[in-house]
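So the sequence lines, in the order shown, correspond to chains R and V. To convert, count from 1 in the first sequence and add 41; that's the working numbering. To convert, count from 1 in the second sequence and add 68; that's the working numbering. All residues carry an ideal CB built from backbone N, CA and C; glycine is no exception. Only a predicted model underlies this, so the values are computations on that prediction, with no experimental measurement involved. Just below is one structure, and these are the notes that go with it.
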Amino acid sequence: MNIFRLAGDMTHLASVLVLLLKIHTIKSCAGVSLKTQELYVIVFATRYLDIFTSFVSIYNSLMKLIFLGSSFSIVWYMRYHKAVHRTYDREQDTFRHWFLMLPCILLALLIHEKFTFFEVMWTFSLYLEAVAILPQLVLLQRTRNIDNLTGQYIFLLGGYRGFYILNWIYRYFTEPHYVHWITWISGLVQTLLYADFFYYYFLSWKNNKKLQLPA
Amino acid sequence: DEDYFDHDEL
């Protein structure tokens, strides 16, 4: 565990907490894409299949449980909690899951490190995580009015990806045999998807103005 | 071995 990996995990955790805070205390999920949240449930469910079979550390297992639990509860709130569900932008959030999932399934079957069940599922989760933010970015583009918490949520998620890239660079130079091309490329693609959002986020922060995306 | 699953990241 290095400082970049820890910072990445902590920003990831903070992003989830910010979103839960918005949903649980303000009882609003306005501007939040249910499609993206459902894709994250699938990402964590397929990636952490090993939770009972491979033990790395208490830290790892605990974080896996937190990410599984929080993603499930966010989706539950958005679908079944009456007050929260009422604030959901259903008409704007129209991205099709299969449009993103099918290519990821095919790609995971074709390109993986090892052809075992766990490894293919893990690889699928990496590919799907890379594009899972797309429905959220499309929703932002459509609604254009972004409250502070939603903006912070996406900012923290992007930060998590950025720290993971620093972590990989650090590990590549400090650990022998640490080479994971699939993880790196899908992680890089994922981070690049945030670039546009980051640009406008910093612009609004610098000008001390509310975040607004161009039409 | 073949079935070794070595992912230590989240």
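Anticipated Cβ contact below 8 Å, residue i with residue j, distance rounded
i          : j          : result
Val-116(R) : Leu-61(R)  : Contact doesn't hold; Cβ gap of about 12 Å is too wide.
Leu-254(R) : Arg-185(R) : 5 Å
Ala-149(R) : Phe-165(R) : 4 Å
Thr-77(R)  : Pro-144(R) : Their Cβ separation, rounded to whole angstroms, is 17 Å, which puts Thr-77(R) and Pro-144(R) out of contact at 8 Å.
Leu-90(R)  : Met-162(R) : 6 Å
Ile-187(R) : Leu-181(R) : 6 Å
Asn-125(R) : Ser-56(R)  : The question names Asn, but residue 125(R) is Val in the sequence shown. Their Cβ separation, rounded to whole angstroms, is 18 Å, which puts Val-125(R) and Ser-56(R) out of contact at 8 Å.
Outcome for residue i when other beta-carbon atoms lying within 10 angstroms are tallied against a minimum of 16
i          : result
Gly-192(R) : buried
Met-42(R)  : exposed
Arg-137(R) : exposed
Trp-246(R) : exposed
Lys-63(R)  : buried
Leu-167(R) : buried
His-218(R) : exposed
Asp-69(V)  : Any answer about Asp-69(V) is weak, because its pLDDT of 43 lies below 50 and its placement is not dependable; what the coordinates show is given next. It counts as exposed.
Trp-209(R) : buried
Val-220(R) : exposed
Ala-236(R) : exposed
Asn-248(R) : exposed
Phe-39(R)  : Chain R is shown from 42 up to 256; residue 39(R) falls before or after that span and cannot be answered.
Gly-110(R) : exposed
Arg-127(R) : exposed
Leu-258(R) : Nothing can be reported for residue 258(R): it is not among the residues displayed for chain R, which extend from 42 to 256.
is_contact[residue i, chain V] using C-beta, thresh 9 Å
i          : result
Asn-43(R)  : no
Met-51(R)  : no
Trp-163(R) : yes
Asp-91(R)  : yes
Tyr-211(R) : no
Arg-131(R) : no
Asn-101(R) : yes
Tyr-205(R) : yes
His-126(R) : no
C-beta neighbour in chain R for residue i, strict 9 Å
i         : result
Asp-71(V) : Model confidence at Asp-71(V) stands at a pLDDT of 48, short of 50, so the residue's coordinates are unreliable; what they give is reported in the following sentence. Asp-71(V) counts as touching chain R.
Are at least three pairs of beta-carbons, each pair with one atom in the stretch 94–108 of chain R and one in the stretch 215–227 of chain R, less than 8 Å apart? no
Is the stretch 227–247 of chain R close to the stretch 193–200 of chain R, with three or more CB pairs under 8 Å? yes
Enumerated in chain order, which unbroken segments of the alpha helix (DSSP H) with a length of 4 residues or greater are wholly contained in the stretch 167–253 of chain R? 175–184, 189–215, 222–234 and 236–247
Considering only residues of the stretch 97–147 of chain R, which uninterrupted alpha helix (DSSP H) runs meet the minimum length of 4 residues and lie entirely inside it, listed in chain order? 99–121 and 123–127
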